[in-house]
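The structure under discussion appears below in the form of structure tokens.
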Amino acid sequence: MRPIRLPEPPNDSSRVPEIFDGGIYGAIRRAVVIGNGFPGAENQCLGLVRALGLSGRHSLYRVMRPRGGINKWLHWLPVSVHKKLDIFIRQIFGDSSIKVEGKNGMPLLTKKSGLSHVLEADAKQIAKVARETFDKDGPLLVIASGRDTISVASSIKRFAPENVFVVQIQHPRSRLDRFDLVIAPRHDYYSLTPQARQQIPWLLRRWITPCEPPGKNVVLTVGALHRADFAALRSAASTWHDELAYLPKPLLVVNIGGPSSNCRYDVDLAKQLATMLQNVLWSCGSVRISFSRRTPEKISKLLVEEFSTHPKVFIWDGEGPNPHLGHLAWADAFVITADSVSMLSEACSTGKPVYVIGADRCTWKFADFQKSLAEQGVVRPFTGKEVISESWSYSPLNDTADAANRVNSALAARGWRINTTTKGT
């Protein structure tokens, strides 16, 4: 059996020296994550929290955008306007959701929203807690990701500038000085490249953001931050040992996302993928296929019909524990649809061969992301002519650890640091 290859732990040589041990006011022992309910955004925050050593010492709040029914057509509205309109509609047509009160009078959503037991983000309340507990617990680290979190995160900094350090993940498309640090992928700045300028009509150029190069408080990454670090994959390898360790090798994992506005495809790509997989099955010991929540039913149905009875192929049906981390730990190679920056970023951090299908369907900054991965040699196009048992190597993406180091450096410049020890020890 081929050995499991996992990424090495990040190099600690760049960590900030602990020179403030005697000062409680500069020691950050806790974090607040501002999420939007979508795993792709929240996992970036949680991955950074892990890399900073604050796992288990963070609180999760969410910006609750109404969902379901007519709300799916109103996602373009600012979240505050969207909420008011939702309340108005429910007053007219009846209340389809039930609210209960959480701590400090903050509303919680019931299971109907899928976001139960998570406090709704209240900028004034979080800032108040940061100010009132500063003398006892030190500064508060705030990490947010997603369009709907921008206003909340920037308001927290405005309400408690001396008590918080605010990190916004993904470009906020607004003034960057509203945050202490912004972590964004390089392709978010695609609009400034010569290629992009040629694609944008002259009259629209001033409206396409960002309009300026990254400032001193911007950290650029190749891909998305994530939670699939060395420790997480080691743990997943143990958790999924009995199910995955004894599968015939090599193990090929196929991750299917879903079409997006900048990476459009339909069942034609699924048919192409099915044909290519049939062509490489002879070189695989086993194949595991997983779909995301964005995968259209017609695409998943086609692949299920094609492979559900094949003895080498297992298709996860979405029931039971999600095997995603187990797949990252135990796979020998990956095939991933080009639409998912998160899935590609995770796979490319393992150092294992990653094949991409559908990159030619991507446009705008997603095409730039695919180009960047290809130029660095971390992905190859899936052609159906591969021999999966043949491996190749590259320098794994290390964006999450690199971003954590930059956060530590920015904190040190302010006279603060992350304290990973338990208080009182």
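What the sequence shown shows, in the working numbering, is residues -17 to 407, in sequence order.
We put the beta carbon where it would ideally sit given N, CA and C, even for glycine.
Tell me the DSSP secondary structure of isoleucine 74 in three-state form.
DSSP places isoleucine 74 in the helix class (H, G or I) of the three-state scheme.
Can you give me the start and stop residues for the beta strand (DSSP E) that threonine 319 sits inside?
315 to 319
Length of the line joining the Cα atoms of asparagine 237 and serine 322:
9 Å
Candidates Arg343, Met325, Trp264, Ala313: closest to asparagine 244 by CA position:
Arg343
The region 139 to 154 touching the region 106 to 125, judged by at least three CB pairs closer than 8 Å:
yes
State the CB to CB distance for the pair glutamine 150 and alanine 126, rounded to an integer number of angstroms; the pair is presumed to be in contact (CB under 8 Å).
5 Å
Rounded to a whole number of angstroms, what is the C-alpha to C-alpha distance between arginine 11 and valine 360?
36 Å
Other residues of its chain near valine 426: CB distance less than 7 Å, five sequence neighbours each side excluded
Here the chain comprises residues numbered -17 to 407, so residue 426 is not present and cannot be evaluated.
Which runs of the alpha helix (DSSP H) spanning at least 4 residues fall entirely within the region 181 to 260, listed in chain order?
212 to 221, 223 to 226
Just the C-alpha distance for leucine 379 and arginine 47, rounded to the nearest angstrom, thanks.
33 Å
Just to confirm my understanding: we take isoleucine 271, look at its own chain, exclude 5 residues before and 5 after, and list those with CB closer than 6 Å. What are they?
Val236, Ile297
How many angstroms separate the CA atom of alanine 341 from the CA atom of valine 317?
CA-to-CA, the gap between alanine 341 and valine 317 works out to about 12 Å.
Name the two residues that bound the continuous alpha helix (DSSP H) containing isoleucine 370.
Premise fails: isoleucine 370 is in no alpha helix (DSSP H) and is neither H nor E.
Can you tell which of Met325, Pro167, Ala349, Ala218 has the C-alpha that lies nearest to the C-alpha of proline 303?
Residue Ala218 is the option with its Cα nearest to proline 303.
Could you check where the beta strand (DSSP E) with phenylalanine 296 kicks off and where it finishes?
295 to 297
Compare the C-alpha of phenylalanine 20 against each of Lys118, Phe289, Leu122, Thr131 and name the closest.
Thr131
Take the Cβ of histidine 208 as the centre, count every other Cβ of all protein chains shown within 10 Å, and call the residue buried at 16 or more, exposed below.
buried
What distance in whole Å lies between the Cβ atoms of glycine 35 and cysteine 27, which are believed to be in contact at a cut-off of 8 Å?
Between glycine 35 and cysteine 27 the Cβ distance is about 15 Å, and since that is not below 8 Å, they are no contact.
Rounding to the nearest angstrom, what Cα-Cα distance links alanine 394 and glutamate 328 in this structure?
29 Å
By Cβ distance, which residues of its chain are closer than 6 Å to threonine 402, with the 5 residues on each side in sequence left out?
Excluding its 5 nearest sequence neighbours in each direction, threonine 402 has C-beta neighbours in its own chain below 6 Å: Gly35, listed in chain order.
Using only the alpha-carbon positions, how far apart do glutamine 107 and tyrosine 228 sit?
Their backbone Cα atoms lie some 51 Å apart in a straight line.
Three or more C-beta pairs under 8 Å: does that hold for the region 281 to 301 against the region 242 to 261?
yes
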